[in-house]
Amino acid sequence: MSFSLLELADGFRAYAHSGMEARFIYQEIFEDHSYVLPELPEAPLIVDVGANIGLFCIYVKRAYPEARVIAFEPAPESLRALRLNLELHQIDDVTVHPLCLGSERNDAARFAYYPRLPGNSTLRPDDQVPFKARLSEILGKTLAASLFTPRELNVRVERLSDILADSRLAGADIDLIKVDVEGAELDVLHGIDDHDWPRIGNLVVEVGDTDGRLHAVETLLRDRGFTVSSAPTSFMETRLPFYYVTARRG
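Numbering-wise (the working numbering), the sequence shown opens with residue 126 and increments by one.
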């Protein structure tokens, strides 16, 4: 499925596959400020896990022009849009990794890519069942089924701690980690070794609360010494239990 250059708001354009989804994500990030940015150093190190088409990268580079951003996006089509959007917005210092993060390495993990709803692509498609069921009620079964018709991909998975062991990142403080990975949040967090947690200052994690996942994420972060708060996302308006979990050191 091809993508187009869309005007998501007055004066803001981006390449996207789904105009509906891109406008929702734009509103979520730029208008609702759902990923609340804490006060960070002038040149923070920020990790964007699940970068999709790059809107969060653009958002943080506008807030912190000197930020060093490392982005992870496994889907080739979303990755292409991400690179085009960074170029469009004249951002040339984001490091982009074409892979997923998880709890263990895998050179060929099965990944469900949804061409009509790419922001919901996932390593854990079973977690999309409640979302699909609710969309079926709102949009009708035929349209919902078409949105969630996957293209199966094989993608590479790495552990975040293995990435951080790179000599260019070794020992550096990580000021913010943003995680939006459609059900694989705990996998990402379990890929951080004990010795790396003290390096992390802040996290913002989008969590779908199925099978007690919200409590599990909150507990893990509290056990790592963070002050944790949770707030519902705008999906709650559709009775879908999605939350933003914010964790701050201290």
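For glycine and all other residues, C-beta sits at the position ideal for the given N, C-alpha and C. It should be emphasised that the depicted structure is a prediction, and the values quoted were computed from it without experimental measurement.
Assess contact between the region 252–266 and the region 311–326, defined as three or more Cβ pairs (one per stretch) separated by less than 8 Å. Is contact present?
no
Is the beta carbon of D232 sitting closer than 7 Å to the one on R281?
yes
If you run the structure through DSSP and keep just helix, strand and coil, what is E277?
strand
Which runs of the beta strand (DSSP E) at least 3 residues long sit entirely within the region 186–253? Give them in chain order.
193–197, 219–222 and 231–238
If you pair each beta-carbon of the region 216–235 with each one of the region 328–342, do three or more pairs fall below 8 Å?
no
Name the residue from A309, R259, G227 and I325 whose alpha carbon lies nearest to the alpha carbon of L285.
G227
Taking the continuous beta strand (DSSP E) assigned at D173, which residues delimit it?
L170 to V174
Which one or two residues does DSSP pair with K303 in a beta bridge?
D173 and V329
Does the separation of the CB atoms of F128 and A147 fall below 7 Å?
no
Beta-carbon separation of L272 and R230 under 7 Å?
no
What are the boundary residues of the beta strand (DSSP E) that includes A141?
F137 to A141
Simplified DSSP assignment, three categories, for A295
coil
Supposed close pair A176, S246 - CB separation, criterion 8 Å
Contact flag wrong, Cβ pair sits at about 12 Å.
Alpha carbon to alpha carbon, how far is T358 from F155? Give it in angstroms, no decimals.
14 Å
Neighbourhood of Y368 by C-beta, 7 Å cutoff - its chain only, sequence neighbours within 5 removed:
V332, D334, L339, S355, A356, P357 and T358
Once you ignore the five residues that flank L346 on each side, which residues in its own chain have a CB closer than 6 Å to its CB?
V353 and A372
Within 10 angstroms of its Cβ, does E198 collect 16 or more other Cβ (buried), or is it exposed?
buried
Would a C-beta distance cut-off of 7 Å place V329 and E310 closer than the cut-off?
no
Which term fits G316, buried or exposed, when burial requires 16 or more other beta carbons within 10 angstroms of its beta carbon?
buried
Is M361 helix, strand or coil when you go by DSSP?
Per-residue confidence for M361 stands at a pLDDT of 44, beneath the threshold of 50, marking its modelled position as unreliable; the derived number appears in the next sentence. M361: helix per DSSP, three-state reduction.
Would A297 and L162 qualify as a contact pair, given that the criterion is a beta-carbon distance under 7 Å?
no
Hey, C182 and L211 are a contact pair by Cβ (cut 8 Å); roughly how many whole angstroms apart?
7 Å
Please report the straight-line C-alpha distance between D135 and D287, rounded to a whole angstrom.
41 Å
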